[in-house]
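Numbering (our numbering), first residue to last: 22 to 210.
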């Protein structure tokens with residue numbers, strides 16, 4: 022804030038870029054907050070969060086320390102628990118941000134038991150523009166030759182990481198540009 026004020030700028034003058042593994046699918050409140058700048062008090066996650074509980078370690082099972090806390094849905098426990106968790110509208114101070122892929126990627130995480138979009142690049146549409154987005158691999162690109170039929174259709178799912186993809190996430194790569202009138206146009210910064 023000091024740097025900005027020395028140059029006659031405010032936070033509103035600077036674009037906000039949010040990118041990375043957000044561990045949230047496109048229909049979640051976290052992504053809705055970034056993409057729409059708000060989350061309604063009626064969002065399904067407010068209702069569902071009241072059913073999450075921590076389960077204690079089973080003394081007879083011998084779980085290690087890192088496994089003794091885990092999520093479990095427990096809809097029957099503590100009847101009326103929804104009332105203990107407030108619901109409210111959330112607003113983002115950044116305004117709606119645009120996802121580089123338009124929230125259309127089928128997956129960015131591809132492991133046994135889970136395939137989904139968890140990784141994003143969000144940018145302010147009035148301050149930055151998308152120049153190019155690197156294409157994400159198709160599902161067939163992640164499978165071994167044994168997992169494809171003679172026409173290249175997936176018959177057995179592959180999983181990440183692999184020799185070709187060293188992470189369980191695929192990389193999202195985008196070229197973004199600053200639009201005229203943003204703080205980065207100022208040569209004094």
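Beta carbons: idealized from backbone N, C-alpha and C, even for Gly.
Check, Outcome
"Please state whether the Cβ-Cβ distance between residue 2 and residue 163 is less than 8 angstroms.", "Nothing can be reported for residue 2: it is not among the residues displayed for the chain, which extend from 22 to 210."
"Please state the DSSP three-state secondary structure of residue 193.", "coil"
"Classify residue 118: buried if its beta carbon has 16 or more other beta carbons within 10 angstroms, exposed otherwise.", "buried"
"Using a 10 Å radius around the Cβ and a threshold of 16 neighbouring Cβ atoms, would you call residue 138 buried or exposed?", "buried"
"For the ligand PLP, I want to know if residue 138 counts as a neighbour, meaning its beta carbon is within less than 7 angstroms of at least one of the ligand's heavy atoms.", "Ligands in the displayed structure: none, and consequently the ligand PLP is not present."
"Is the number of C-beta pairs between the stretch 45 to 53 and the stretch 146 to 164 that are closer than 8 angstroms three or more?", "no"
"Which residues does DSSP list as the beta-bridge partners of residue 65?", "None, per the DSSP bridge assignment."
"Taking the straight line between their C-alpha atoms, what separation do you get for residue 36 and residue 203?", "7 angstroms"
"Is it true that the stretch 109 to 129 meets the stretch 142 to 155, where meeting means three or more beta-carbon pairs spaced less than 8 angstroms apart?", "yes"
"Using 10 angstroms around the beta-carbon of residue 126, count the other beta-carbons present and answer buried if the total reaches 16, otherwise exposed.", "buried"
"Kindly say whether residue 158, judged by its beta-carbon, lies nearer than 8 angstroms to any beta-carbon of chain C.", "Of the protein chains in the structure, only one exists, and it is not chain C."
"Have a look at 124, 62, 180 and flag the residue whose alpha-carbon is nearest the alpha-carbon of residue 222.", "Nothing can be reported for residue 222: it is not among the residues displayed for the chain, which extend from 22 to 210."
"Can you grab the Cα-Cα spacing for the pair residue 129 / residue 165, in whole Å?", "18 angstroms"
"Alpha carbon to alpha carbon, how far is residue 193 from residue 65? Give it in angstroms, no decimals.", "28 angstroms"
"Distance check for residue 112 and residue 32, CA to CA, integer angstroms please.", "17 angstroms"
"Going by the CB atoms, is the gap between residue 134 and residue 200 shorter than 8 angstroms?", "no"
"On the DSSP letters alone, give me the boundaries of the alpha helix (DSSP H) that residue 181 sits inside.", "From DSSP, residue 181 is part of no alpha helix (DSSP H); its letter is neither H nor E."
"Can you give me the start and stop residues for the beta strand (DSSP E) that residue 42 sits inside?", "39 to 42"
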